[in-house]
Amino acid sequence: MADLSDSKIDEDIFRLICYCSSASINDPDNHLKAYQDVRSDKSDTNWLLLDYISDRADKLQVTQTGTGGLAELREVLDDTKASYAYARVTYSNDKESTREKFILVVWIGPHCKVMRKAKISVQAADVKKVLRVYSIEVAAEVKDDLKEDPIIAKLRKAGGASYDGV
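Just so we're aligned, residue 14 is where the sequence shown starts under this note's numbering, counting upward by one.
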């Protein structure tokens, strides 16, 4: 019987999902490395961006990664595209504790083509099978939807414990 904690099994499942989805992932190995970098405490990478390889294709590829948090991610989003981002958000609850949580961003730029917008609801479900470990999903249509303070408030609320004395 296989050990389910074996990272090789996780990698194989990851690749299988990448190939079998309606929004398939181009170059699953590169995608897996970017995903693992965002999740790793040993890496400074704290976000990755998936874009469609063309306006007509349903295949996704990792187009960028970064170390500058949500502020940097906001700057690279294209108003004419639909994209997916996976990010690590670090915040403090009090003087003694910091938390790291992961978010999934479904970006539909304000000038995204209508057909791409229509496909997002189906394809986002497939992306969620691959980028499956996250605390909250953020549906973003304007860059201000990715401001850090409101996202941290949502993460705190999703976490269940209140450190605000409320």
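Where is the CB? At the ideal position from N, CA and C, for every residue including glycine.
- Assignment of residue 97 by DSSP, reduced to helix, strand and coil, places it in the strand class.
- Here DSSP, grouped into helix, strand and coil, assigns residue 107 to strand.
- Shown here, residue 146 sits in coil according to DSSP, grouped into three states, outside any helix or strand.
- One thing to note: residue 121 has its Cβ within 8 angstroms of the Cβ of residue 95.
- Sorting 44, 43 and 169 by C-alpha distance to the C-alpha of residue 107 places 169 at the top.
- Residue 78 sits buried, since 16 or more C-beta atoms from the chains shown fall within 10 Å of its C-beta.
- Sequence-distant Cβ neighbours of residue 93 in its own chain, meaning closer than 7 angstroms and more than five residues away, are 122, 124 and 125.
- Counting of Cβ neighbours within 10 angstroms places residue 118 among the buried residues, the total reaching 16 or more.
- The beta carbon of residue 112 lies closer than 8 angstroms to those of 103, 104, 105, 106, 168 and 172 in the same chain, with the five residues before and after it left out.
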